[in-house]
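Chemist: Following this message is one structure expressed as structure tokens.
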Amino acid sequence: MAAPQSKYDDYDFPTTAPEAQPGHPGHTTPEQDAKVQQLRSELEQLGYTERLDTLTLLRFLRARKFDVAAAKTMFVECEKWRKDFGTDELARTFEYNEKAQVFQYYPQYYHKTDKDGRPVYIEKLGKIDLNAMYKITTGERMLQNLVTEYEKLADPRLPACSRKAGKLLETCCTIMDLKGVGITSVPSVYGYVKQASVISQNYYPERLGKLYLINAPWGFSSVFSVVKGFLDPVTVNKIHVLGSNYKKELLAQVPAENLPTEFGGSCSCAGGCELSDMGPWQEAEWAKDPKWAAPKEVTKTEEAAVEKEIEAQADQPTA
Numbered sequence: 001m002a003a004p005q006s007k008y009d010d011y012d013f014p015t016t017a018p019e020a021q022p023g024h025p026g027h028t029t030p031e032q033d034a035k036v037q038q039l040r041s042e043l044e045q046l047g048y049t050e051r052l053d054t055l056t057l058l059r060f061l062r063a064r065k066f067d068v069a070a071a072k073t074m075f076v077e078c079e080k081w082r083k084d085f086g087t088d089e090l091a092r093t094f095e096y097n098e099k100a101q102v103f104q105y106y107p108q109y110y111h112k113t114d115k116d117g118r119p120v121y122i123e124k125l126g127k128i129d130l131n132a133m134y135k136i137t138t139g140e141r142m143l144q145n146l147v148t149e150y151e152k153l154a155d156p157r158l159p160a161c162s163r164k165a166g167k168l169l170e171t172c173c174t175i176m177d178l179k180g181v182g183i184t185s186v187p188s189v190y191g192y193v194k195q196a197s198v199i200s201q202n203y204y205p206e207r208l209g210k211l212y213l214i215n216a217p218w219g220f221s222s223v224f225s226v227v228k229g230f231l232d233p234v235t236v237n238k239i240h241v242l243g244s245n246y247k248k249e250l251l252a253q254v255p256a257e258n259l260p261t262e263f264g265g266s267c268s269c270a271g272g273c274e275l276s277d278m279g280p281w282q283e284a285e286w287a288k289d290p291k292w293a294a295p296k297e298v299t300k301t302e303e304a305a306v307e308k309e310i311e312a313q314a315d316q317p318t319a
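Pasting the structure below:
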């Protein structure tokens with residue numbers, strides 16, 4: 001059963017999840033629908049007026065096992081972070097002019113789609129050289145770029161993919177290439193990776209569809225089998241640890257024509273796949289301008305507050 005629509009549910013793409021998983025759009029119970037409404041009502045009482053649509057609230061509720069109080073805390077902390085980080089403005093104004101140089105040491109990019117229609121996100125962790133990168137950019141700008149890309153994932157990437165696939169897509173297929181990663185390289189990148197992970201888990205919940213760790217070094221699988229014990233079973237089922245013989249399994253999920261040649265696919269974009277940003281979000285038939293690009297509408301409450309301030313200033317005695 002789908003949750004009742006609200007005034008916030010202004011979608012121009014399919015909104016039913018393709019698989020009948022509990023708590024996912026189009027497959028919710030009356031109890032889950034009631035929790036969406038309860039969470040929205042409590043957030044409205046706190047003064048929130050943005051990101052209260054059903055899809056967003058369901059993601060926060062799933063991330064907290066439909067515990068309304070925990071989801072509310074998560075949402076409030078996320079909104080505080082967005083304000084402090086300047087997220088809304090970043091999406092509109094941030095320009096990562098040094099991207100091509102940075103990618104020599106840390107390629108991280110979206111590229112086409114997997115067989116389910118989801119955006120494919122690729123990172124090559126083995127090439128990270130933070131010392132070299134910090135001569136080109138800063139850790140702060142790297143995180144700003146990461147956040148900007150997350151915002152672009154939410155809109156326009158996922159909506160475009162949903163339109164093309166004819167079904168709701170809310171997650172990514174992530175490929176992390178561990179080739180070249182050694183124990184000695186871990187400490188230097190740990191700080192950045194930890195910050196990036198916190199942003200991902202706390203502020204962009206429920207965005208991971210599948211994760212392929214390829215070229216996993218010897219012994220990695222043993223370490224991961226221990227780590228699995230601390231992870232949610234739902235998360236564990238999304239993660240695939242593969243060694244150097246990863247191509248067959250990866251190609252079972254990502255069409256060869258969408259996978260860069262270096263990973264066993266047949267795609268070779270002009271200028272390089274890493275910088276092409278190819279996908280449905282670049283195709284006129286499916287792409288639409290992201291909503292965050294439009295001038296922000298001023299609400300009646302905000303208008304009234306501005307008018308009240310102007311009146312107050314007008315009543316002030318002149319010098």
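Residue numbers (full-length UniProt numbering): 1 to 319.
Glycine is no exception: its CB is placed at the ideal position from the N, C-alpha and C atoms.
Excluding the 5 residues flanking Ile214 on each side, which residues of the same chain have their C-beta closer than 6 Å to its C-beta?
Modeler: Within the same chain, Ile214 has close Cβ partners Asp177, Leu242, Tyr246.
Chemist: Measuring CB atoms only, is the stretch 195-207 touching the stretch 61-72, in the sense that at least three cross pairs come out at less than 8 Å?
Modeler: Touching, per the Cβ criterion.
Chemist: Could you pull the DSSP bridge partners for residue 382 from this structure?
Modeler: Residue 382 is absent from the structure shown; the chain starts at 1 and stops at 319.
Chemist: For Pro280, does the count of other Cβ atoms within 10 angstroms reach 16, so buried, or fall short, so exposed?
Modeler: buried
Chemist: Quick check: the Cα distance between Gln144 and Gly272, rounded to an integer number of angstroms?
Modeler: 23 Å
Chemist: What's the C-alpha gap between Lys288 and Tyr11?
Modeler: 12 Å
Chemist: From what residue to what residue does the alpha helix (DSSP H) around Lys210 run?
Modeler: Looking at the DSSP string, Lys210 is not in any alpha helix (DSSP H); the run it does join, the beta strand (DSSP E), is 208-214.
Chemist: Rounded to a whole number of angstroms, what is the C-alpha to C-alpha distance between Ser285 and Asp114?
Modeler: A small fix is needed here, since residue 285 is Glu in this sequence, not Ser. Glu285 and Asp114: Cα-Cα distance of roughly 19 Å.
Chemist: Mark Pro233 as exposed unless 16 or more other C-beta atoms lie within 10 angstroms of its C-beta, in which case mark it buried.
Modeler: Exposed is the call here.
Chemist: Using the Cα positions of Ile239 and Arg40, report the straight-line distance between them to the nearest angstrom.
Modeler: The straight-line gap from Cα to Cα measures roughly 32 Å.
Chemist: Report the three-state DSSP secondary structure of Ile136 (helix, strand or coil).
Modeler: coil
Chemist: Would you mind sorting Glu140 into buried or exposed? The rule is 16 or more other CB atoms within 10 Å of its CB.
Modeler: By the 10 Å Cβ count, Glu140 comes out exposed.
Chemist: One question on the structure: do Lys135 and Pro107 come within less than 8 Å of each other, judged by their Cβ atoms?
Modeler: no
Chemist: Pull up the CB-CB distance for Cys172 and Tyr121, whole angstroms please, since I reckon it's below 8 Å.
Modeler: 5 Å between Cβ atoms; contact.
Chemist: What are the boundary residues of the beta strand (DSSP E) that includes Cys172?
Modeler: Per DSSP, the continuous beta strand (DSSP E) segment holding Cys172 begins and ends at 172-177.
Chemist: If I measure Cβ to Cβ from Phe220 and keep anything under 8 Å in the same chain, skipping five residues before and after, which residues do I get?
Modeler: Leu178, Leu213, Val241
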